[in-house]
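Below: one structure, written as structure tokens.
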Amino acid sequence: SNAWALWQLSKFRHDINVAVPELASLLTDKDEWDGPRKSAAGALLHHAKKSGDNCVRVREAVASVTLDRTLKDIAKFVANLGAIG
Numbered sequence: 832s833n834a835w836a837l838w839q840l841s842k843f844r845h846d847i848n849v850a851v852p853e854l855a856s857l858l859t860d861k862d863e864w865d866g867p868r869k870s871a872a873g874a875l876l877h878h879a880k881k882s883g884d885n886c887v888r889v890r891e892a893v894a895s896v897t898l899d900r901t902l903k904d905i906a907k908f909v910a911n912l913g914a915i916g
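Residue 863 in the working numbering is what sits at position 32 of the sequence shown, and the numbering runs on without skipping anything.
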């Protein structure tokens with residue numbers, strides 16, 4: 832998926848800032864966790880850990896979408912994002 836590819840790019844020090852809003856919107860995907868949501872979450876967390884500015888950008892993008900926090904994996908993602916920085 833595109834989200835998985837962006838996660839891999841982030842791991843190899845590519846700047847994925849431009850894709851952060853779209854990745855955040857993928858967190859609202861209703862497919863199973865092993866689909867786009869998991870890759871988007873991984874890419875966003877990895878990107879947020881790279882710098883304070885990235886973390887702020889990811890948090891802002893995530894705050895702009897409506898997440899289903901009753902989903903265990905989304906709740907875990909939000910907790911992990913909150914623990915960064």
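Backbone N, C-alpha and C fix where the C-beta goes; we use that ideal spot for every residue, glycine too.
Fair warning: this is a prediction, and the values are worked out from it, not measured in the lab.
Quiz prompt | Alpha-carbon spacing of T810 relative to K907, whole angstroms | solution = The first residue shown for the chain is 832 and the last is 916, placing residue 810 beyond what the model contains.
Exercise. Compare the Cα-Cα distances from S882 to each of L898, D846, G873 and L854 and report the closest residue.
Key: On the sequence shown, residue 882 is found 51 positions in, with the first residue counted as 1. Proximity to S882 across L898, D846, G873 and L854 peaks at D846, based on C-alpha coordinates.
Quiz item: Mapping DSSP to helix, strand and coil, what is D884?
Solution: Start at 1 with the first residue of the sequence shown, and residue 884 comes out as number 53. In the three-state DSSP reduction, D884 falls in the helix class (H, G or I).
Quiz item: Going along the chain, which residues of its own chain have a beta-carbon closer than 7 Å to the beta-carbon of R888, five neighbours each way excluded?
Solution: Counting from 1 along the sequence shown, the entry for residue 888 is found at position 57. Counting only Cβ-Cβ distances below 7 Å, and skipping sequence neighbours, we find N848 and V851.
Quiz item: If you draw a straight line from the C-alpha of A910 to the C-alpha of N833, how long is it?
Solution: Reading the sequence shown from its first residue, position 79 is the one you call residue 910. Reading the sequence shown from its first residue, position 2 is the one you call residue 833. Pairing A910 with N833, the inter-Cα distance amounts to about 24 Å.
Practice problem: Check I915 in the structure and name its three-state DSSP category. | Solution: Mapped onto the sequence shown, residue 915 falls at position 84. I915: coil per DSSP, three-state reduction.
Quiz item: Going by alpha carbons, who is nearest to G873 out of K861, L898, D884 and L857?
Solution: The sequence position of residue 873 within the sequence shown is 42, counting from 1. Checking every option, the nearest Cα to that of G873 belongs to L857.
Exercise. Please go through the same chain and pick out, in chain order, the residues whose beta-carbon is closer than 7 Å to the beta-carbon of A879, but skip the five residues on each side of it.
Key: Along the sequence shown, one-based indexing puts residue 879 at 48. Only N885, C886, V889, L912 and I915 meet the Cβ criterion.
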